[in-house]
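>
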Amino acid sequence: MIKEAEENSVVDKSKKALVNITYELDNLISKNEILLSKNFVNNSLASDYAAEIIKEIKTLYKTNQLTKIKMESLDNLKYAYNILVMDYLKQELNVGNKNSSEGGKGVVIDVTGE
2 MIKEAEENSV VDKSKKALVN ITYELDNLIS KNEILLSKNF VNNSLASDYA
52 AEIIKEIKTL YKTNQLTKIK MESLDNLKYA YNILVMDYLK QELNVGNKNS
102 SEGGKGVVID VTGE
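Each number in the numbering used here corresponds to the 1-based position in the sequence shown with 1 added.
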């Protein structure tokens, strides 16, 4: 009975790891695709890199190569996502700077001591 419980424990851990990897993968792919759908990254190296990684992961997933996804592609996808976020923030900051250089119109500054 104890032997069966230990064997089932190993299977349960494997299933949990698979679910965790799949969840993390789906989450990262969704986040990357949302950023890629925005116009700011259409012609950048970061967007090309992210698109290639997503394509690679989808191919590996279809061929059931989950170990390779976990070992290599998942980290690459995280890296691509971080680069896309940085590019997005840079663009948003540049747009903000352009707007603030228009004489400060529409900018509210709180000067209360609260």
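Note that beta-carbon positions come from the ideal geometry of N, C-alpha and C, so glycine has one too. Quick caveat: nothing in here was measured; it's all calculated off a predicted structure.
#1: Report the residue from 8, 65, 46 whose alpha carbon sits nearest the alpha carbon of residue 81.
#2: May I ask which residues mark the beginning and end of the alpha helix (DSSP H) holding residue 8?
#3: Determine the contact status of residue 58 and residue 19, defining contact as a CB-CB distance below 9 Å.
#4: Buried or exposed, going by whether 16 or more other CB atoms sit within 10 Å of the CB of residue 90?
#5: Please report the distance separating the alpha-carbon of residue 23 from that of residue 8.
#6: What would DSSP say about residue 113, mapped onto helix, strand or coil?
#7: Among residues of its own chain, excluding the 5 on either side of residue 70, which ones have a beta-carbon nearer than 8 Å to its beta-carbon?
#8: Helix, strand or coil, according to DSSP, for residue 68 in the structure here?
#9: I think residue 48 touches residue 85, with their Cβ atoms under 8 Å apart; what is that distance to the nearest whole Å?
Let me lay it out:
#1: Here residue 81 refers to the residue found at position 80 of the sequence shown. The closest CA to that of residue 81, considering only 8, 65, 46, is found on 46.
#2: As a working mapping, residue 8 is identified with position 7 in the sequence shown. Here the alpha helix (DSSP H) through residue 8 covers 3-38.
#3: Here residue 58 is taken as the residue at index 57 of the sequence shown, counted from 1. Here residue 19 is taken as the residue at index 18 of the sequence shown, counted from 1. Not closer than 9 Å, so no.
#4: Here residue 90 is taken as the residue at index 89 of the sequence shown, counted from 1. With a 10 Å radius around the Cβ and a threshold of 16 neighbouring Cβ atoms, residue 90 comes out exposed.
#5: Along the sequence shown, one-based indexing puts residue 23 at 22. Along the sequence shown, one-based indexing puts residue 8 at 7. Straight-line Cα distance between these residues: approximately 23 Å.
#6: Counting from one through the sequence shown, the residue named residue 113 turns up at place 112. For residue 113, the secondary structure class from DSSP, reduced to helix, strand or coil, is coil.
#7: Indexing the sequence shown from 1 puts residue 70 at position 69. Within the same chain, residue 70 has close Cβ partners 22, 26, 58, 61, 62.
#8: For this step, residue 68 is matched to residue 67 along the sequence shown. Under the three-state reduction of DSSP output, residue 68 falls in the helix class.
#9: In the sequence shown, the residue the question calls residue 48 occupies position 47. In the sequence shown, the residue the question calls residue 85 occupies position 84. So it is a contact: roughly 7 Å between Cβ atoms.
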